[in-house]
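Below is one structure, written out as structure tokens, with a few remarks after it.
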Amino acid sequence: MLTPVPPADKSMEEIVSLCKRRGFVYPASEIYGGIRGFWDYGPLGTALKNNIRDWWWHQMVDCPPIGPDGDPVNILGLDSAIIQNPKAWEASGHVGGFNDPMVDCKESKGRYREDHVSVLVPTDGQGLSYAFVDDRSAAEKKIKRDAKRSVEEYTLTELPAIDVAAYPSIVAPEVKTAGTLTEPRAFNLMLDTYPGPIRDEDAKAYLRPETAQGIFLNYKNVLDTMRVKLPFGIAQIGKSFRNEVTPRNFIFRSREFEQMEMEWFCPPEEALKWYDFWKHERMKWWRSLGVAESNLIFRDHADDELAHYSKACVDVEYLYPFTAPNYGELEGVAHRGEFDLTQHTTHSKTKLDYFDQDLQVRLQKEGVDKDEIKKRSRYTPNVIEPASGLTRAVLVLLCEAFTPTPDRKGSDYVMQFKPKFAPVKAGIFPVVNKDGMPEIAQKLFRELRETMPVETDVKQSIGKRYARMDEIGTPFCIAVDGDSVTHQTVTVRDRDTTEQVTIGLDKVKAYLNEKLDA
RNA sequence: GCGGGUGUAGCUCAGUGGUAGAGCGUCACGUUGCCAACGUGAAUGUCGAGAGUUCGAAUCUCUUCACCCGCUCCA
């Protein structure tokens with residue numbers, strides 16, 4: 241068995257190079273020089289991604305876990321459009337909140353949101369102005385010390401109200417000299433597009449920055465058409481797009497990526513229970529991918545870190561080679577309260593509440609007052625959202641599986657994917673390309689490929705063929721030898737131990753199926 | 001966005017102004033009896049892109065693009 245390698249000792253450069261060399265991930269539009277923040281998934285990367293995606297869907301939608309009270313949970317699938325009515329993004333807060341113009345300071349290298357910067361401007365218009373973000377006293381000190389004037393002679397103005405032409409006379413926060421601020425630049429976090437044959441500003445629409453909103457937009461449809469009761473979930477997997485300021489770290493932060501999100505709708509008083517439930521279910525799921533426990537942690541968000549919509553949030557984090565010894569974000573489980581449904585109710589003028597008939601009946605039995613029942617049985621559900629990156633999951637499995645093998649003669653790397661997620665499940669090789677062996681291998685190959693991705697190869701030495709399979713993480717290699725001809729047996733080689741077992745030719749399929757199911 | 005680094009074959013890299021290279025990988029043929037064996041042969045490059053200097057540029061200059069590291073940002 242191979243010794244596990246700590247993520248900090250793995251080289252991203254080697255991982256990226258192996259991904260290219262073996263067809264996992266290519267730089268997007270490489271022949272044109274690439275494009276920042278975009279990546280293409282090659283044949284093996286696509287297979288790996290699909291395997292992870294299918295497992296998520298299987299565990300989330302088709303065969304979800306039993307809930308905290310011992311009842312089966314109900315989650316429905318959805319595939320909403322990438323482009324929605326732009327008003328949806330105003331309601332969600334993405335249009336208003338993330339188009340903030342930023343100013344840079346050439347001196348301090350600081351970057352500030354324009355609307356966060358305040359400026360003390362001399363009321364008489366003579367001399368320099370002094371800017372600050374939080375620390376007004378620092379600006380006042382500069383006034384006394386450098387301008388040698390009284391603070392009373394200045395008027396407080398917000399930076400957005402100041403003309404760019406006046407910037408040269410502004411002393412930026414944290415610096416002493418004036419004129420170091422650049423003009424404000426808009427950072428559009430959403431990519432936009434113009435549906436329709438004519439480019440018309442009024443037709444501007446956005447590529448979704450998250451799949452979640454498509455779920456909220458269809459909450460009422462699902463409720464009206466699918467005979468569901470609270471609590472229930474809606475799950476969706478799909479592409480999202482964000483204008484990341486700095487795409488970095490291979491496929492970790494890219495401008496086009498794929499998400500797996502589930503919105504869990506529940507009565508407000510149950511929200512914390514479900515938050516806790518999904519938090520731990522999600523961690524279980526990540527472990528089920530074959531990720532070592534020690535490489536995964538929870539990180540609870542501090543209150544001041546919480547997004548505008550969120551009441552509580554925890555990240556599942558992974559020990560990426562490029563963040564080590566720190567962990568980096570992988571999945572967020574957020575308690576979104578009723579924020580989203582309320583926002584969309586307000587903006588769309590469509591009721592997105594829930595009439596709880598079970599509660600109505602229960603309250604009637606308890607003899608609760610009629611008006612009280614009416615009031616309490618109609619409410620806006622709370623939402624718990626486990627949201628993870630599918631493309632980040634691919635990255636995690638690539639990093640986790642990547643194992644340099646200096647001890648293994650000739651072989652450089654083994655990708656230790658759990659068999660369930662390996663792009664190729666088995667290689668079928670005649671030990672030599674003669675004496676009836678290739679024919680048997682070909683027959684076995686044709687039989688296995690009916691149900692699973694397998695490869696066969698008759699060229700070159702057997703060792704070389706094993707090593708090639710190791711590098712793409714194929715868990716099993718089946719060698720057809722002389723005994724296959726005389727006794728109808730083959731040997732199955734384990735990728736991680738290189739140990740071999742001899743089994744009957746007719747047992748191969750069952751043997752592999754058992755291992756792949758684990 | 002800032003600072004630093006890098007860009008030459010699929011991968012790793014050598015090549016500092018004068019004919020485009022190596023190792024590995026890939027392919028073909030031979031060999032083969034379980035771990036990148038061996039032999040012979042072959043293909044593969046607009047030297048990231050564009051412009052300039054020069055008789056001549058992978059090499060010098062400028063611009064640009066991409067990647068890496070550190071800041072910054074990250075609903």
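So for the first sequence, my numbering puts the first residue at 241; every next one is plus one. We put the CB at the ideal spot given by N, CA and C, even for glycine.
Confirm, please, whether the CB-CB distance from residue j to residue i is below 7 Å.
i	j	result
Glu354	Leu396	no
Val556	Trp526	yes
Val732	Leu745	no
Ile702	Ala681	no
Val698	Pro659	no
Ile474	Ile455	yes
Glu501	Thr631	no
Pro715	Ala641	no
Asn483	Leu447	no
Pro626	Trp518	yes
Pro644	Val664	no
Thr451	Ser480	yes
Lys764	His587	The structure shown does not extend to residue 764, since the chain is modelled only from 241 to 758, so the question has no answer here.
Asp734	Gln656	no
Ala666	Ile718	yes
Thr422	Val343	yes
Asp596	Thr620	no
Asn622	Pro471	no
Gly577	Lys551	yes
Pro487	Gly277	yes
Thr417	Cys345	no
Ile315	Pro304	yes
Thr648	Glu571	The sequence as given places Arg at residue 648; Thr does not occur at that position. No, Cβ-Cβ distance for Arg648 and Glu571 is not below 7 Å.
Kindly indicate which residue of the options has the alpha-carbon position closest to the one of residue i.
i	options	result
Ile491	Gly744, Ile255 and Pro246	Ile255
Leu536	Phe517, Pro561, Tyr706 and Lys551	Pro561
Leu288	Ile718, Val634 and Gln728	Val634
Ser534	Gly282, Pro247 and Thr243	Pro247
Phe579	Gly310, Thr696, Thr486 and Phe505	Phe505
Leu242	Asp280, Asp652 and Tyr272	Asp652
Glu253	Glu690, Leu638 and His520	Leu638
Thr590	Gln299, Asn314, Asp319 and Tyr459	Tyr459
Ile292	Ser588, Val725 and Leu529	Leu529
Glu330	Thr585, Leu258, Ala406 and Pro304	Thr585
Glu503	Arg262, Val313, Glu606 and Tyr352	Val313
Gly263	Tyr272, Leu284, Gly333 and Glu606	Leu284
Gln324	Asp516, Ala443 and Lys747	Ala443
Val748	His727, Asp710, Gly722 and Glu687	Glu687
Asp364	Tyr370, Lys384, Met300 and Tyr394	Tyr394
His727	His356, Gly676 and Cys345	Gly676
His356	Tyr751, Asp516, Asp710 and Ala401	Ala401
In or out: residue i buried (at least 16 other Cβ within 10 Å) or exposed?
i	result
Ile477	buried
Asp543	exposed
His575	buried
Ser251	exposed
Val601	exposed
Ser390	exposed
Cys553	buried
Ala434	The amino acid at residue 434 is misidentified as Ala; the sequence shows Tyr. Exposed.
Ala321	exposed
Val404	exposed
Tyr281	buried
Ser628	buried
Val361	buried
Thr696	buried
Thr691	exposed
Val359	buried
Gln453	buried
Met466	exposed
Ile624	buried
For the beta strand (DSSP E) containing residue i, name the first residue and the last one.
i	result
Met523	Element bounds for Met523: not the beta strand (DSSP E) but the alpha helix (DSSP H), Ala511 to Ser528.
His356	Unbroken run through His356: none, as it is neither H nor E.
Thr655	The sequence given here places Met at residue 655; Thr does not occur at that position. Tyr653 to Met655 is the span of the beta strand (DSSP E), which, as asked, contains Met655.
Lys589	Segment: none, Lys589 is in no beta strand (DSSP E) and carries neither H nor E.
Gly629	Asn622 to Gly629
Glu711	First-last for Glu711: Ile702 to Ile712, but that is the alpha helix (DSSP H), not the beta strand (DSSP E).
Val694	Val694 to Thr696
If you follow the alpha helix (DSSP H) that residue i is in, where does it begin and where does it stop?
i	result
Asn461	Tyr459 to Thr465
Ala418	Note, Ala418: premise wrong, no alpha helix (DSSP H); not H, not E.
His727	Gly722 to His727
Ala379	Arg376 to Lys382
Ile668	Ile668 -> not in any alpha helix (DSSP H); beta strand (DSSP E) instead, spanning Ala666 to Pro670.
Taking 6 Å as the line, does the beta carbon of residue i fall inside it for any heavy atom of the ligand COA?
i	result
Val725	The ligand COA is not part of the structure shown, which contains no ligands of any sort.
(request) Count the C-beta pairs between the segment 371-385 and the segment 409-416 that are closer than 8 Å, then say yes if the count reaches three, no if not. (result) yes
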